[in-house]
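Asker: Numbering-wise, the numbering used here puts 1460 at position 147 of the sequence shown, and it's gapless, one number per residue.
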Amino acid sequence: MPRREGERSMAVTPGTETSRPPYLGRSVRIVGPVANVDMNQTPHPRNSRGELGKALFNWYRNTISRDPLTRVSAPNHFADKRNFLAQVVNQAPKGKVNPRQVAVPDPAVMTRHIKAVARHMGADVVTVARAHPSFLYAASAPARDSAARDVYQDRSEDVYQGRTPEQMVERYPYIIVATTAWDYDKLQAHRHYIGDAAYHVSQMKAQMILKALEGYIKELGYAALRGVSNPQAAGLASGVGELGRNGLLINKTFGARIHMPDPIMTDLPLVADQPVDIGVEDFCKVCRKCAINCPTNSVPFGDKVVFNGVEKYKINWLTCYKIRPYVDAHWGSCLTCATVCPFTKPNVWWRSLTVWALSTCPIPVRPVLVRALKAIDDRFWGVTRQTRVRWLGYDSGIKPGEQACTVAGCTASHDASHAAHPVGDVGYYAPLKENTNRFVKRDA
1314 MPRREGERSM
1324 AVTPGTETSR
1334 PPYLGRSVRI
1344 VGPVANVDMN
1354 QTPHPRNSRG
1364 ELGKALFNWY
1374 RNTISRDPLT
1384 RVSAPNHFAD
1394 KRNFLAQVVN
1404 QAPKGKVNPR
1414 QVAVPDPAVM
1424 TRHIKAVARH
1434 MGADVVTVAR
1444 AHPSFLYAAS
1454 APARDSAARD
1464 VYQDRSEDVY
1474 QGRTPEQMVE
1484 RYPYIIVATT
1494 AWDYDKLQAH
1504 RHYIGDAAYH
1514 VSQMKAQMIL
1524 KALEGYIKEL
1534 GYAALRGVSN
1544 PQAAGLASGV
1554 GELGRNGLLI
1564 NKTFGARIHM
1574 PDPIMTDLPL
1584 VADQPVDIGV
1594 EDFCKVCRKC
1604 AINCPTNSVP
1614 FGDKVVFNGV
1624 EKYKINWLTC
1634 YKIRPYVDAH
1644 WGSCLTCATV
1654 CPFTKPNVWW
1664 RSLTVWALST
1674 CPIPVRPVLV
1684 RALKAIDDRF
1694 WGVTRQTRVR
1704 WLGYDSGIKP
1714 GEQACTVAGC
1724 TASHDASHAA
1734 HPVGDVGYYA
1744 PLKENTNRFV
1754 KRDA
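1) Looking at the unbroken alpha helix (DSSP H) that takes in D1512, where does it start and where does it end?
2) Compute the Euclidean distance between the alpha carbons of T1539 and L1398, then round it to the nearest angstrom.
3) With a threshold of 8 Å, are at least 3 pairs of Cβ atoms found where one atom belongs to the stretch 1504-1511 and the other to the stretch 1358-1371?
4) Which ranges would you report for the alpha helix (DSSP H) in the stretch 1356-1443 if only whole runs of at least 4 residues count?
5) Apart from the five residues just before and just after F1391, which ones in its own chain have a Cβ nearer than 6 Å to its Cβ?
6) What does S1542 pair with, by DSSP beta-bridge criteria?
7) On the three-state DSSP scale, how would you describe L1500?
8) Would you call H1357 buried or exposed, if buried means 16 or more other Cβ atoms sit within 10 Å of its Cβ?
9) Is it right to say Q1404 is buried, meaning 16 or more other beta carbons lie within 10 angstroms of its own, or is it exposed?
10) Pick helix, strand or coil for G1740, following the three-state DSSP scheme.
11) In the structure shown, what three-state DSSP assignment does M1578 receive?
12) How is G1568 classed by DSSP in three states: helix, strand or coil?
13) Could you tell me the boundaries of the alpha helix (DSSP H) in which Y1626 lies?
14) So, helix, strand or coil for W1263, using DSSP?
15) Could you name the residues that DSSP lists as bridge partners for R1698?
16) Residues in its own chain within less than 7 Å of T1667 by CB, not counting five upstream and five downstream?
17) Start and end of the beta strand (DSSP E) containing T1492?
18) I1343 and I1488: beta carbons closer than 8 Å?
19) Can you give the Cα-Cα distance for I1636 and T1609, rounded to whole angstroms?
20) Identify whether R1333 lies in helix, strand or coil by the three-state DSSP scheme.
21) Take G1737 and list the residues in its own chain whose beta-carbon comes closer than 8 Å to its own, dropping the five residues that flank it on each side.
22) Tell me, please, which residues DSSP counts as bridged to V1618.
23) Got a sec? Which residues, its chain only, sit under 7 Å from V1402 by beta carbon, not counting five neighbours each side?
24) From V1593 to S1332, what distance separates their C-alpha atoms?
25) Name the residue from T1649, A1491, V1619, P1381 whose alpha carbon lies nearest to the alpha carbon of P1544.
26) Have a look at G1560, L1533, K1625 and flag the residue whose alpha-carbon is nearest the alpha-carbon of P1412.
27) What are the partner residues of E1555, as DSSP defines its beta bridges?
28) Rounded to a whole number of angstroms, what is the C-alpha to C-alpha distance between L1705 and L1382?
29) For T1667, does the three-state DSSP call read helix, strand or coil?
30) Please go through the same chain and pick out, in chain order, the residues whose beta-carbon is closer than 6 Å to the beta-carbon of G1528, but skip the five residues on each side of it.
31) Hey, out of A1547, D1590, V1678, L1500, whose CA is closest to T1649's CA?
32) Name the two residues that bound the continuous alpha helix (DSSP H) containing F1596.
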């Protein structure tokens, strides 16, 4: 059973909590063996090796974005990588751990402190997960034999070479998840460079924050490892949010508009947070707005499936991914499923009241409340989102291809005298939904 919030927890020993499946909340359920995910088999690494086709490979490795903001904020689409700050930070040498370790007599006090430090550095959400072997990535180096395939090795100067996931969890029992939220107003221009700006700048901020927090923990005299644990699993375990039908973590405050960068695994004595229940499990059974609006029909309409021992909604990541080379003149990151999610709303009193009502409602009664809330959401926010957004010279109210681009590199705003026809408050986001069935068939 999960420990209650505030209960102290020290290093986890093998054969106790690590031998049982982790509790990740109501939105996912561990029902079988979970194989550690191989980072080299995730979409970007596979694409960088050319395994997903020429179009995707050339888009990822050989294209320079027409949008200058994208060139300085998104990976692999810059004209000069030295202008991309995150690239410079990621290539910085790793700092050493201070040999003069700060004593931690009370892990609860240190937990509050490290969260305050992360927020001071700019994090919007900070939680702590108790590490579990299933959260860790599989070894990236080729295994010599079957017994070695789950061993962490060949990781340059890192101190965890040659350790199994179980040994890693024993040595570094906590995972700090710190992340940032995408700007709500810009996000309304999903499938547009404006939405990209919200996404990519948030991504850069998160990388800076985690790099600084990593250094701070090392200065306290403790290890801080990144790139070794799955952020979604750690986010679920620590209460960042629940997993939605759209495959994204949905947060109590920000909805689906949060980044999930690589968290920090550490031996700093802390107190782990617990999974949350904000009603995502109940809402996603009824809503399906993300599935209705997905331009590639990659979000399922049906029930959960079991994948790698986990019962969850399983998106088709390949169809989601493979559209990008064909729309890079308009956007780099889709974001539609995050934008249309009813949990993704301005962080105002009525949203907080709604989430509180849903999370405190008895579970057997929630379906009735969910249907009422969805009807209200459909009435006031619509089933699809086509809000026109104007920002920094960009204008999503101009149909793709109808206007000459400005120096900003996209369908930026023009004088009314140059407009092909009045567009009002409607935003146009390529590809238009009526054309997507030609791209991929909808999930039955």
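For each residue, glycine too, the CB sits at the ideal point set by N, CA and C.
Answerer: In this structure, then:
1) For clarity, residue 1512 is Tyr in the given sequence; the question names Asp instead. Residues 1506-1532.
2) The amino acid occupying residue 1539 in the given sequence is Arg; Thr does not appear at that position. C-alpha separation (whole angstroms): 18 Å.
3) Taking a cut-off of 8 Å for Cβ pairs, the stretch 1504-1511 and the stretch 1358-1371 do not touch, as fewer than three such pairs fall below it.
4) Whole alpha helix (DSSP H) segments, 4+ residues: 1356-1361, 1367-1375, 1381-1386, 1398-1403, 1420-1433.
5) So the list reads R1384, F1397, once near-sequence residues are dropped.
6) Bridge partners of S1542: L1449.
7) Here DSSP, grouped into helix, strand and coil, assigns L1500 to helix.
8) Answer is exposed; the Cβ neighbour count stays below 16.
9) It is exposed - the Cβ of Q1404 has fewer than 16 other Cβ atoms within 10 Å.
10) Of the three classes helix, strand and coil, the one that applies to G1740 here is coil, per DSSP.
11) M1578: strand per DSSP, three-state reduction.
12) Three-state result, G1568: strand.
13) Going by DSSP, Y1626 is part of no alpha helix (DSSP H) at all; its letter is neither H nor E.
14) Outside the shown range of the chain, which is 1314 to 1757, sits residue 1263, and nothing can be said about it.
15) DSSP, once it has assigned bridges, lists no residue as partnering R1698.
16) Contacts found: L1686.
17) Element bounds for T1492: 1487-1492.
18) Going by C-beta atoms, I1343 is not nearer than 8 Å to I1488.
19) Between I1636 and T1609, the C-alpha separation is close to 8 Å.
20) Here R1333 sits in coil by DSSP.
21) Excluding five sequence positions before and after G1737, the CB atoms of its chain that fall closer than 8 Å to its own CB belong to R1701, G1710, given in chain order.
22) DSSP, once it has assigned bridges, lists K1625 as partnering V1618.
23) Excluding positions up to five away in sequence, the list reads Q1520, M1521, K1524.
24) Between V1593 and S1332, the C-alpha separation is close to 28 Å.
25) Across the set T1649, A1491, V1619, P1381, the C-alpha of A1491 shows the shortest separation from the C-alpha of P1544.
26) Checking every option, the nearest Cα to that of P1412 belongs to L1533.
27) I1563, per the DSSP bridge assignment.
28) Spanning the two alpha carbons is a distance of roughly 11 Å.
29) Look at T1667 here: in three-state DSSP terms it is helix.
30) So the list reads G1408, once near-sequence residues are dropped.
31) In terms of Cα proximity to T1649, the closest of A1547, D1590, V1678, L1500 is L1500.
32) For F1596, the enclosing alpha helix (DSSP H) covers residues 1593-1599.
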